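Here the structure is laid out as structure tokens; the discussion comes afterwards.
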Amino acid sequence: MKERTRELENQEPSGDLFDVIMGVDWARLDTDQLVTVSILARKLKSACEWVELAALRRTEDPTELAMALTEPEQTVARRKEASVVLETLPRLAEQLRRGELDFRRLDAVRERVQHLSPEMVAEVEDALVGVAAGLNRTQLCRKTTALVAHANPDGYETRCHKATKDRRVEFSPLPDGMAN
1 MKERTRELEN QEPSGDLFDV IMGVDWARLD TDQLVTVSIL ARKLKSACEW VELAALRRTE
61 DPTELAMALT EPEQTVARRK EASVVLETLP RLAEQLRRGE LDFRRLDAVR ERVQHLSPEM
121 VAEVEDALVG VAAGLNRTQL CRKTTALVAH ANPDGYETRC HKATKDRRVE FSPLPDGMAN
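Here UniProt numbering is used: the first residue of the sequence shown is 1, the next is one more, and so on.
Pasting the structure below:
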């Protein structure tokens with residue numbers, strides 16, 4: 001069974017994997033099998049997120065979709081904005097489709113490279129493709145930030161100075177004396 005477990009973990013997301021997960025006899029699973037089911041669920045979730053991004057990329061107006069999904073329009077609009085990742089980081093997006101990378105990590109990379117030129121984005125993606133799937137979100141954020149700083153040191157320095165300058169702490173007292 002151990003070989004079958006590893007074989008399943010290395011498969012691309014598919015309807016067969018979905019059937020395996022949905023047909024699980026939870027009472028009979030050992031610890032290794034529970035780990036495998038969790039891995040498969042994550043893979044399928046990532047593949048479904050890729051499908052959603054692909055659909056959003058081709059949707060003109062997110063309003064109707066937001067109503068159908070019973071999601072706030074702003075949430076769907078933000079997700080539509082994030083769908084640009086399918087074109088700006090195509091190889092990392094392919095890892096999302098294959099279930100090797102989750103949307104949170106892919107979106108963290110997108111946020112960090114959005115100010116770079118397409119050539120610089122490709123340079124950062126080249127460096128990340130081989131390692132991104134093995135990094136957690138924090139590690140991937142740090143690696144991406146370092147790569148962005150290396151690819152565009154002047155722009156990175158400018159953004160750091162602006163962030164420091166714009167940083168502030170505010171409070172406004174409420175009528176009851178509490179801070180807001």
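The beta carbon of each residue, even a glycine, is placed where N, CA and C say it ideally should be. All values derive from a computational prediction rather than experimental measurement.
Residue i burial status per 10 Å Cβ neighbour count (16 or more: buried)
i           : result
residue 34  : exposed
residue 124 : buried
residue 74  : exposed
residue 62  : buried
residue 46  : buried
residue 27  : exposed
C-alpha distance - residue i paired with residue j, whole-angstrom precision
i           : j           : result
residue 169 : residue 163 : 13 Å
residue 110 : residue 82  : 8 Å
residue 57  : residue 176 : 48 Å
residue 18  : residue 106 : 23 Å
Collapsed DSSP secondary structure at residue i in the structure displayed
i           : result
residue 118 : helix
residue 153 : helix
residue 62  : helix
Closest residue to residue i among the options (Cα-Cα distance)
i          : options         : result
residue 10 : 18, 77, 25, 36  : 36
residue 8  : 88, 26, 38      : 38
residue 16 : 30, 49, 43, 127 : 43
Contacting residues, own chain, Cβ-Cβ under 7 Å from residue i (five flanking each side not counted)
i           : result
residue 152 : 116, 120
Cβ neighbours of residue i in the same chain (closer than 6 Å, five flanking residues each side left out)
i          : result
residue 59 : 65
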